[in-house]
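Asker: For the working numbering, add 62 to where a residue sits in the sequence shown, where the first one is 1. I have a structure I would like to understand better, so I am pasting it below and will then ask my questions one at a time.
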Amino acid sequence: MYIYGGSPVLSNCVFYGNKAGEFGGGLCSSSSFLVLKNCTIVKNTVLTPDEGSYNSFGGGLYAGGTVNIYNTIFWQNVSLTIFGVGIPDQIAGNPIITNCHIQDVQQDEPSFANINLPAGWDGIYGMRNDGLRLCTDSPCIDKGIGDNDTPNKDITGLVRKDIPTQSGGSGTPNYVDIGAYELNRIWYAKTVASGNEDGTSWDNASTLQNALFNAWGADDEVWAAAGVYKPIIPRISFYLAQNAAVYGRFAAGDTAFTDRKAENETVLTTDYDCPVVMVFADGALLDGFTIKGGHADGSLGYNYGGRIFANNVGISVRNCFIIDNFALYGGGIRANLWNGGSMEITNCVLTGNVATNKGGGIYVYGNIAEVVNCTITDNSGYYSGGGILTDEPALLIANSIVWDNHSQDCPNIQGIPLTPPPMFSHSDIAGCGASGENWDSDFGNDLGGNIDEGPDFDSSSLFGLKLLSTSLCIDAGNNNIIHEVGDIVGNKRILRGTVDMGAYESEFGYSVPAGLYAGGSVNSDGDGGVVYQRLSTDTSWRSISSELGTAVLSLCYHRGTIYAGVYSGLSPEYGDGAVYRWDGENNWTKVNDGDLGNEGINAVLALTEYQGDLYAGTIPAGLYRYNDSTETWTNISSDFFVNLWWSGIKSLYVWDEYLYIGELFLDRVARYKPDELAPLEEVLRVSGSCIWDFQEYNDSLYASAEWGRIYRSAVNDGATWPWTQNPYMPQWLNWGDYPPYDDDPIWEVEVYDGKLFFNCGYNLYRYDGITYPSHSYWWYAPHSNNEHIISMLSTGDYLYIGTGSEFGNKEDYPPNTYRNSSATGKIYRYDGSGTPTLMSGQPTTSGIQCLLEIP
63 MYIYGGSPVL
73 SNCVFYGNKA
83 GEFGGGLCSS
93 SSFLVLKNCT
103 IVKNTVLTPD
113 EGSYNSFGGG
123 LYAGGTVNIY
133 NTIFWQNVSL
143 TIFGVGIPDQ
153 IAGNPIITNC
163 HIQDVQQDEP
173 SFANINLPAG
183 WDGIYGMRND
193 GLRLCTDSPC
203 IDKGIGDNDT
213 PNKDITGLVR
223 KDIPTQSGGS
233 GTPNYVDIGA
243 YELNRIWYAK
253 TVASGNEDGT
263 SWDNASTLQN
273 ALFNAWGADD
283 EVWAAAGVYK
293 PIIPRISFYL
303 AQNAAVYGRF
313 AAGDTAFTDR
323 KAENETVLTT
333 DYDCPVVMVF
343 ADGALLDGFT
353 IKGGHADGSL
363 GYNYGGRIFA
373 NNVGISVRNC
383 FIIDNFALYG
393 GGIRANLWNG
403 GSMEITNCVL
413 TGNVATNKGG
423 GIYVYGNIAE
433 VVNCTITDNS
443 GYYSGGGILT
453 DEPALLIANS
463 IVWDNHSQDC
473 PNIQGIPLTP
483 PPMFSHSDIA
493 GCGASGENWD
503 SDFGNDLGGN
513 IDEGPDFDSS
523 SLFGLKLLST
533 SLCIDAGNNN
543 IIHEVGDIVG
553 NKRILRGTVD
563 MGAYESEFGY
573 SVPAGLYAGG
583 SVNSDGDGGV
593 VYQRLSTDTS
603 WRSISSELGT
613 AVLSLCYHRG
623 TIYAGVYSGL
633 SPEYGDGAVY
643 RWDGENNWTK
653 VNDGDLGNEG
663 INAVLALTEY
673 QGDLYAGTIP
683 AGLYRYNDST
693 ETWTNISSDF
703 FVNLWWSGIK
713 SLYVWDEYLY
723 IGELFLDRVA
733 RYKPDELAPL
743 EEVLRVSGSC
753 IWDFQEYNDS
763 LYASAEWGRI
773 YRSAVNDGAT
783 WPWTQNPYMP
793 QWLNWGDYPP
803 YDDDPIWEVE
813 VYDGKLFFNC
823 GYNLYRYDGI
833 TYPSHSYWWY
843 APHSNNEHII
853 SMLSTGDYLY
863 IGTGSEFGNK
873 EDYPPNTYRN
883 SSATGKIYRY
893 DGSGTPTLMS
903 GQPTTSGIQC
913 LLEIP
């Protein structure tokens, strides 16, 4: 935004991810009297060709004229020069600043819910799920200045109000939060109340019933920790609060909404004859629960909705398992909407529910209802509507599976009467005949994309309802009718371009054949880095990608497909880093949103999978974790590593339940385990030896390094490295001044045929765990242009060896070294006898930067 002249006042505004050539990445004020109040200004960038020019400053704001700033957050804004060097700079100029939170002035992070997902999972700013909302541990809470001009509502429309914390702001009132978002009041619930039981914190959590009472009518949230919740008074259900959002799947102590996980199962059930959940108040949301054991057969006055009963109100039910409930009408859900209200059911599983009359899974009466991305199966309604019974609502069923339900009449769906008729879009409905000329009009209106085929459930999965790779429900939904970016367990929706039918998004659908894969780098013709493939029946390597950059430095198999870490530019120190995902055919999609999308990431050197998540090591040195649901990256290393263009994370290796990290520049080994009190810890620091690779051998971890060095941990102990005093491995490389060891790095270590193989430059050595090798190499790679051994892969049957120019620079850096733009990459294979041999059908590249096998 550019402001010239006038006296504008900007309140409750978000400036995120904007870029300018000069004078303020987020906004620029010139000759004006500008007032900023309660704004959030994050991740904006100013780029100018003049490195020393004053107009290169102001990543967040260039404050020309008279500028007053109140209650505003400036964070992760950056000024860049054409060289890509970050200048920490949030504000340029001389504004008057009052009660603000500014990076480099305040050291504590604002603690956003998800800084990489600013508009939340729905992509709409100003909603309660926005990622720039504050977490409960934010230092910005109640630290603003309150006066008559302070906006009384935040950007979402939430009234700015006090929450149970020590108010540290000023003015009247003195509890306004800093930033565009006021923290929702959150009430905390546990299965057993703790502390003073007032529900204002995890330490003082209340019962769920009391938390729901506290949240009534106040636009508040309820966070429920994992466990089994039951009403404590007979025939008293859990009553959802008006305008309250009730969320399960938290672990006690979580501070951010994004902390919750599907494995933190949060169960609502009852031992009494009543529905589990009752809804008589408008605007409620129930999200992330398992509801089971409801019983409403009429014997004690309740006969509707064994699990959920909603009466003439608007309610949303999302990401819930509704199982094994019992009622006279609506075994799983009963919605009475004849006098107004609406119901939205998204990402839910309904199975095993029984109605002794009608509507085994769902019974909806009157007004508007939507069922989107749900799986409704094995429910029973004695007379009709085993899956769904609709009675005069405007019902839309989209992206859903309704299959194998049971009743005497219309076992899956019945509408009575069909005015208006239900609408079906891209769903698998048993008995419907499928869209087109075979559609059974008795079901209702066919909006297209519907099928009538067995969904092929995976019986070994949770509730046996995930999709097998053969399912016709995969990639068969309608992308225009999606309410959540994740599925019922938090996995990302739309993995391959089109949403699946049902509550689960399948990880299948990629067609990645078994074989060998290699990442190449720019060749002498100027062609960029590509990914090569060689299947077992092939006699040559083929390209399976267009140019993804200057070099493909890392490959990793994750969740059914291949991810590639790359850089573009002259060299990785001055490049632009990115990660791409393959669709198994012809397309590679950049998955670079979030922290990894900043211009300050010059290269992605390493990728690996750890505890089911994808991790990346980068230049400048940083450890990033990928969120498959939101397709964003988060820097989890903070200030642990040095954020400089010549630092980097070249190696990531999983061993003994830890992720080990090899750092360049500071020349150290660190390890990471997310559930540790201090997740990142340094375990080895050496001098002048960049850590290039790791390998486990004979119950110890080996780390290869610069200057021909290798380090070894203690047996089964990655926290102890005995040879830190003499960094050279005893007797190994203490070989006098034999030429290759003056400055050649050991790029790779690999285990094959019971031996540890390692290179030093273009020479290859091997160690049997008993006798240290002599200084004479075992084999050397041909090196007409000083090609080094830069990658190795052991598949069990073979050892594959890749050679060429490390990093694949477009120009020699420095000249005539292993970074040689004229190098020729080759791939050799060793079968345990003789010496390695050159494979047929070589790729055209300056270096084989990485190798990967998919068995």
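Even for Gly, the Cβ is constructed at its ideal location relative to N, Cα and C. Quantities reported herein were computed from a predicted structural model and do not represent experimental measurements.
Which word fits W708, buried or exposed, when buried means at least 16 other C-beta atoms lie within 10 angstroms of its C-beta?
Answerer: Result: exposed.
Asker: Could you check the C-alpha separation between V140 and H163 for me, to the nearest Å?
Answerer: Going from the Cα of V140 to the Cα of H163 covers about 16 Å.
Asker: Under DSSP, the alpha helix (DSSP H) around Q168 begins and ends at which residues?
Answerer: From DSSP, Q168 is part of no alpha helix (DSSP H); its letter is neither H nor E.
Asker: By the three-class DSSP mapping on this structure, what secondary structure does E758 have?
Answerer: Residue state, collapsed to three classes: strand.
Asker: Which parts of the stretch 559-597 are runs of the beta strand (DSSP E), unbroken and 3 residues or longer, counting only runs that do not cross its ends?
Answerer: The qualifying runs are 577-582, 593-596.
Asker: With DSSP collapsed to three states, give me the class of F525.
Answerer: Reduced to three states, the DSSP call for F525 is helix.
Asker: For a quick check, are the C-beta atoms of G659 and L714 less than 8 Å apart?
Answerer: Not in contact: G659 and L714 (Cβ atoms no closer than 8 Å).
Asker: Going by C-alpha distance, which of T332, P201, A175 is nearest D922?
Answerer: Past the edges of the chain, shown from 63 to 917, lies residue 922, and the structure says nothing about it.
Asker: Quick one: is Q673 buried, meaning 16 or more other Cβ sit within 10 Å of its Cβ, or exposed?
Answerer: Classification of Q673: exposed, given that the 10 Å Cβ count is below 16.
Asker: What are the residues that DSSP puts in a beta bridge with T437?
Answerer: Looking at the DSSP assignment, T437 forms a beta bridge with V411, I463.
Asker: Check whether the stretch 591-607 touches the stretch 490-504, counting contact only when three or more Cβ pairs, one atom from each stretch, lie closer than 8 Å.
Answerer: No: the two stretches stay apart, fewer than three of their Cβ pairs being nearer than 8 Å.
Asker: DSSP three-state label for N398, please.
Answerer: Correct three-state label for N398: strand.
Asker: Quick check on DSSP: helix, strand or coil for A273?
Answerer: Looking at A273 - three-state DSSP - the assignment turns out to be helix.
Asker: For V592 and Y187, what's the separation of their Cα atoms in angstroms?
Answerer: Straight-line Cα distance between these residues: approximately 37 Å.
Asker: Any idea if V71 is buried or exposed, counting beta-carbon neighbours within 10 angstroms, 16 or more meaning buried?
Answerer: The residue in question, V71, is exposed, as its Cβ has fewer than 16 Cβ neighbours within 10 Å.
Asker: Quick one: what's got a C-beta closer than 7 Å to T897's C-beta in the same chain, skipping five residues either side?
Answerer: For T897, where only same-chain residues beyond five positions count, the Cβ hits under 7 Å are W841.
Asker: For Y291, which option in S268, D589, L194, V416 has the closest C-alpha, if you only look at C-alpha atoms?
Answerer: It is S268.
Asker: Verify whether the separation of the beta carbon atoms of C202 and T317 is less than 8 Å.
Answerer: No, Cβ-Cβ distance for C202 and T317 is not below 8 Å.
Asker: Which ranges would you report for the beta strand (DSSP E) in the stretch 639-709 if only whole runs of at least 3 residues count?
Answerer: Qualifying beta strand (DSSP E) stretches, in chain order: 650-652, 665-672, 675-681, 684-689, 694-697.
Asker: Per DSSP, what are the beta-bridge partners of A431 in this structure?
Answerer: Answer is M405, L457, bridged to A431.
Asker: Taking only three categories from DSSP, how would you classify D502?
Answerer: Note: D502 maps to coil in three-state DSSP.
Asker: Closer than 8 Å by C-beta to L302: which residues in its own chain qualify, once you throw out the five before and the five after it? Chain order, please.
Answerer: Counting only Cβ-Cβ distances below 8 Å, and skipping sequence neighbours, we find L274, V308, V339, M340, V341, A343, A346, L348, I377.
Asker: Is Q787 buried or exposed, if buried means 16 or more other CB atoms sit within 10 Å of its CB?
Answerer: Unreliable placement is indicated for Q787, whose pLDDT of 37 sits below 50; the coordinate value is still reported in the next sentence. It counts as exposed.
Asker: Apply the 10 Å Cβ neighbour rule to Y803 and answer buried if 16 or more other Cβ atoms are within range, or exposed otherwise.
Answerer: Low per-residue confidence applies at Y803: pLDDT is 42, beneath 50, and the placement is therefore not dependable, though the value from the model is reported in the following sentence. It is buried - the Cβ of Y803 has at least 16 other Cβ atoms within 10 Å.
Asker: Determine contact between the stretch 211-220 and the stretch 235-250, defined as no fewer than three beta-carbon pairs at a distance below 8 Å.
Answerer: As far as the Cβ criterion goes, the stretch 211-220 touches the stretch 235-250, which means the pair count is three or higher.
Asker: Buried or exposed for P517, going by 16 or more other Cβ atoms inside 10 Å?
Answerer: Classification for P517: buried.
Asker: Compare the beta carbon distance of N654 and E635 with 8 Å and say whether it is the shorter of the two.
Answerer: No; because the gap between Cβ atoms is not below 8 Å, this pair is not in contact.
Asker: Go through its chain and collect everything with a Cβ distance to G360's Cβ below 7 Å, but skip five positions before and after it.
Answerer: At G360 the pLDDT is 49, less than 50, meaning the model places this residue with poor confidence; the figure from the coordinates comes in the next sentence. L390, listed in sequence order.
Asker: Tell me which same chain residues have a C-beta within less than 7 Å of the C-beta of D466, skipping the five on either side of it?
Answerer: Same-chain partners within the cutoff: T439, D440, A492.
Asker: When you compare only the Cα positions, how much space is there between I144 and T102?
Answerer: Only weak support is given to the placement of I144: the predicted model assigns it a pLDDT of 40, under 50, and the value that follows is read from those uncertain coordinates. For I144 and T102, the distance between alpha carbons rounds to 27 Å.
Asker: Where do the ends of the beta strand (DSSP E) carrying M854 lie?
Answerer: It spans 850-856 - the beta strand (DSSP E) in which M854 sits, taken as one unbroken run.
Asker: The beta strand (DSSP E) spanning G289 covers which residue range?
Answerer: Unbroken beta strand (DSSP E) run through G289: 289-291.
Asker: May I ask which residues mark the beginning and end of the beta strand (DSSP E) holding K99?
Answerer: Run containing K99: 89-99, per the beta strand (DSSP E) assignment.
Asker: Spatial neighbours of A776 within its chain, please: CB distance less than 8 Å, with the 5 preceding and 5 following residues excluded, ordered by chain position.
Answerer: Correct list, in chain order: S762, T782, W783, P784.
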